[in-house]
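So the protein sequences, as listed, match chains A and B.
The first sequence begins at 1 in UniProt numbering and counts up one residue at a time.
The second sequence begins at 1 in UniProt numbering and counts up one residue at a time.
C-beta: ideal position from N, C-alpha, C; glycine also.
Protein chains: 2
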Amino acid sequence: MGGLRPWARCGLLMVAHWLALGLGAVVFQALEGPPALRLQAKLRAELATFQAEYGACLPTGALEELLGTALAAQAHGVSSLGNGSEAGTWDLPSALLFTASILTTTGYGSMAPLSAGGKAFCVVYAALGLPASLALVATLRHCLLPLLGRPVAQVAVRWQLAPARAALLQAAVLGLLVTGTFVLLPALVLWGLRGGGGLLEAVYFCFGSLSTIGLGDLLPGRGRDLNPVLYHLGEMALLGYLLLGLLAMLLAVETFLELPQVHAMVKFFGPSGPSTTEDQGDILGQDALALSTLPPATTAPEQAPAC
Amino acid sequence: MGGLRPWARCGLLMVAHWLALGLGAVVFQALEGPPALRLQAKLRAELATFQAEYGACLPTGALEELLGTALAAQAHGVSSLGNGSEAGTWDLPSALLFTASILTTTGYGSMAPLSAGGKAFCVVYAALGLPASLALVATLRHCLLPLLGRPVAQVAVRWQLAPARAALLQAAVLGLLVTGTFVLLPALVLWGLRGGGGLLEAVYFCFGSLSTIGLGDLLPGRGRDLNPVLYHLGEMALLGYLLLGLLAMLLAVETFLELPQVHAMVKFFGPSGPSTTEDQGDILGQDALALSTLPPATTAPEQAPAC
């Protein structure tokens, strides 16, 4: 049996992961600590100046109360500055963008449900919608990957690559395609449209949206001097981007996970046992009855894996 | 060949997805539009009252400028209220939580990089860290799923369930386990600890974090009267929750995608062709050379799929 050693390897991998997490945190701290402190100091200085110049006419705490309300409202996507549209925050394009950010798990947070009903519906909608989106993506992948795989397969045959290398090539090509079409190209377009801000910021925003991280710090502010039609067009463009991009990302992810190299790593770090012929996790293929709905070629020999 | 019909089916599925998106948006709009408008009105009324009472001593635009600076700072996680710690926003526990929110793609957004270096590092770190996290989860799944699958397999044998139903049972059990352990239980704990707010809000927060949506609207505000030690403990608890929860979620997702029922749906809606013996997408197993690094039982007969 595997005893402790395979679990020790699994454990080592987890420790390595936590170290990487800690390392990232330390680097972020070093990069971001000073700018954040400077912004905080600047803000406090402005507050202090304001209080000094006009504090005489303001009752104690009135300003803090107003600020508090404004900040809390912004956390829920309600803007206190500018005229804002009379339709409020939840016009249809914005609602569509919010819904898409839920379904793609991006979750920008620039808008969030306030009411109990909204929060409950959010949970239910996501609980039903996320598996549905996953199934949809699996179907689209079933349609699309052959189209993508065939040119690569032809190249692989011509260069006489071993299947493992061919798989790596396919993954690399897909990765480059996704990065080029869904990160660099949109970033360039965004950079051109925005005028201000650098290309880096545009890449940062596109990458954050595509990877479904969705920090939400760079969404255009509400209530600024933006033509409403342009603003809504931008929202719809972002919505389409999120949906397309998610599909592309999941294609790339699944391709990555199927790489023979990744399979080899999983086997190396995981508990020892006979290699399964299906996805590693589908133990039922081994333990269940001989009758199977899957094609005979996939039925693994019936034996319990050593663990 | 399949011609248009299979693609028409794929297309129908996408149209159904968009309809579901639109329906969700309309419901959110109905639920959330009024509360947001009320909050906006309340905020404007407070602003107007403030201006009316004290506007005489304030130069035009001074208040708007201050508000603007405060709101912009908050969008980047810098709080203008309260004393705040001298260490600033990026103390180590907060940096760890931010890094974890990147690696799990949750992306709350309550903190976000300000500097160009931070943004660039964010992209690089995520681009490297996300695949690494995926590989780690695949490995852990390899270790864990047999443990989970065996009791279910035994039950399936005793009840004499067909493998398809057994797989569904396994998925359902895993789904319930994940929901119970990683949504309901933490929500109950959070509800108890918070005092205020309902159980629904706690469930909403836990579900949003677990599914990596991460709206970030319910993270405890900085600068409130929270004991720093307790606050950091809470951050660390949330960090552990995100990491554990992501693993559980991905386990559940992969199990869902492997269900024979989902495979059947994918085949139904996808282009017709011989069933592949590996994951649907791995076309290379069919088009590449006969030599294969995978065990012989998985090598599909070499034929081009009809599409």
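One Cα belongs to V178(B), the other to L174(A), and the distance between them is close to 32 Å. Rounded to the nearest whole angstrom, the C-alpha separation of L247(A) and I213(B) is 16 Å. Cβ neighbours of F182(B) within its own chain (closer than 6 Å, five residues either side excluded): L210, G245 and A248. Our two residues, L43(A) and A166(B), have alpha carbons roughly 60 Å apart in a direct line. Among the CB atoms of chain B, one or more fall inside 9 Å of the CB of H17(A). By the criterion of a C-beta distance shorter than 8 Å, A48(A) is surrounded by no residue of its chain, once the five residues flanking it on both sides are discounted. Within chain A, no C-beta atom comes nearer than 7 Å to that of V173(B); the closest sits roughly 12 Å away. Exposed is the label assigned to A45(B), since fewer than 16 other Cβ atoms lie within 10 Å of its Cβ. Of the residues assessed, A164(B) falls on the buried side of the cut-off, its CB having 16 or more other CB atoms within 10 angstroms.
Residue environment analysis places T104(A) among the buried positions, since at least 16 neighbouring C-beta atoms fall within 10 angstroms of its C-beta.
A direct Cα-Cα distance of roughly 40 Å separates N227(A) from L238(B). At the C-beta level, S79(B) and T89(B) come within 9 Å of one another. In the DSSP assignment, S115(B) falls outside any alpha helix (DSSP H) and carries neither an H nor an E.
Straight-line measurement puts the Cα of L140(B) at about 56 Å from the Cα of Q51(A).
Around the beta carbon of G107(A), 16 or more other beta carbons sit within 10 angstroms, so the residue counts as buried. Per DSSP, C206(A) is one residue of the alpha helix (DSSP H) stretching across L199 to L210. A residue is called buried when at least 16 other Cβ atoms come within 10 angstroms of its Cβ; A56(A) does not meet this threshold and is exposed.
Comparing C-alpha distances from L97(A) to each of P59(A), G216(A) and E254(A) shows the shortest one belongs to G216(A). Rounded to the nearest whole angstrom, the C-alpha separation of G118(A) and F268(A) is 46 Å. At a Cβ-Cβ threshold of 9 Å, F207(A) and T99(B) do not count as neighbours. For Y54(B), the three-state secondary structure derived from DSSP is helix. In chain order, F269 place their CB closer than 6 Å to the CB of L13(B), counting only its own chain and leaving out the 5 sequence neighbours on each side. Sequence-distant partners of L168(A) (beyond 5 residues in either direction) whose C-beta falls short of 7 Å from its own C-beta, in its chain, are L259 and Q261. Contact between L58(A) and Y241(B) is ruled out by a C-beta separation of about 42 Å, above the 8 Å threshold. Relative to L134(B), the option among F256(A), V26(A) and A264(A) whose CA is nearest is F256(A).
Residues C206 and Y241 of the same chain have their beta carbon placed closer than 7 Å to that of P186(B), with the five preceding and five following residues left out of the count.
Counting only Cβ-Cβ distances below 7 Å, V123(A) has contacts in chain B at V203, Y204 and F207, in chain order.
A Cβ-Cβ contact shorter than 9 Å links A116(A) with G198(B). Put simply, of A8(A), A252(A), V123(A) and A20(A) the residue whose alpha carbon is nearest the alpha carbon of G149(A) is A252(A). Within chain B, not a single residue places a beta-carbon under 7 Å from that of E235(A); the smallest gap is close to 11 Å.
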